[in-house]
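Student: Each residue of the sequence shown is one higher than the one before, starting from 96 at the first, in our numbering.
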Amino acid sequence: MGLNFPNTSRSFLPSRRAVQFWGHDDALEISFFVTEDALRRIEPKAQGDEDGMLKAFDSNRAAIYKVASRVYSHGRAGSYELTAKSF
Numbered sequence: 096m097g098l099n100f101p102n103t104s105r106s107f108l109p110s111r112r113a114v115q116f117w118g119h120d121d122a123l124e125i126s127f128f129v130t131e132d133a134l135r136r137i138e139p140k141a142q143g144d145e146d147g148m149l150k151a152f153d154s155n156r157a158a159i160y161k162v163a164s165r166v167y168s169h170g171r172a173g174s175y176e177l178t179a180k181s182f
C-alpha cells in the first residue's frame, strides 16, 4: 500500500526540539520527528518556540511528507528523525 498521512495531528516535543507526526503503512503506525534544524532549513524565519515550530511544520507539510516518504522507503523502522540533512 505504501506510506500515507491520514492523521494530520502533530505535536512539539521540547525535550527533543522536534515536531512529531505519524504516518501509516497498512496497519503500521510510524513515528516521525522533524528536528528544529530541519524546520529552520525549510523555514529560515521560524521562531524556536512551540508555536513557531508548529507553524513552520504546517506551512511545509507537503515537503515534509515527501521527505518522510523518501526516508521511509530506504528501510523500515519504528520511528525516523528528519534532520536538516534530510532536506
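The beta carbon of each residue, even a glycine, is placed where N, CA and C say it ideally should be.
(1) How would you label Thr130, buried or exposed, when you count the other beta carbons within 10 angstroms and need 16 or more for buried?
(2) With distances taken from CA atoms, which of Lys180, Ala179, Phe182, Tyr175 is nearest Gln115?
(3) Could you tell me the alpha carbon to alpha carbon distance between Arg165 and Phe107, rounded to whole angstroms?
(4) Roughly how many whole angstroms lie between the Cα atoms of Phe152 and Leu134?
(5) Rank Ala163, Arg171, Gly170 by C-alpha distance to the C-alpha of Ser181 and give the top, closest one.
(6) Select from Ala122, Pro139, Phe127 the residue whose C-alpha is nearest the C-alpha of Thr103.
(7) Thinking C-alpha only, which one of Ala122, Arg111, Arg156, Leu123 is nearest Glu138?
(8) Specify the secondary structure class of Phe128 as computed by DSSP and reduced to three states.
Tutor: Let me lay it out:
(1) Position 35 of the sequence shown holds residue 130. Buried: at least 16 other Cβ atoms inside 10 Å.
(2) By 1-based counting over the sequence shown, the position of residue 115 is 20. Comparing Cα-Cα distances from Gln115 to each of Lys180, Ala179, Phe182, Tyr175, the minimum goes to Tyr175.
(3) Position 70 of the sequence shown, counting from 1, holds the residue named residue 165. Position 12 of the sequence shown, counting from 1, holds the residue named residue 107. Rounded to whole angstroms, Arg165 to Phe107 spans 22 Å at the Cα level.
(4) Walking along the sequence shown from the start, residue 152 turns up at place 57. Walking along the sequence shown from the start, residue 134 turns up at place 39. Answer to the nearest angstrom: the Cα atoms are 7 Å apart.
(5) Translated into the one-based positions of the sequence shown, residue 181 becomes position 86. Nearest C-alpha to Ser181: Ala163.
(6) The sequence position of residue 103 within the sequence shown is 8, counting from 1. It is Phe127.
(7) Numbered from its first residue, the sequence shown carries residue 138 at position 43. Of the listed residues, the one whose Cα sits closest to Glu138 is Arg156.
(8) Here residue 128 is taken as the residue at index 33 of the sequence shown, counted from 1. Three-state result, Phe128: strand.
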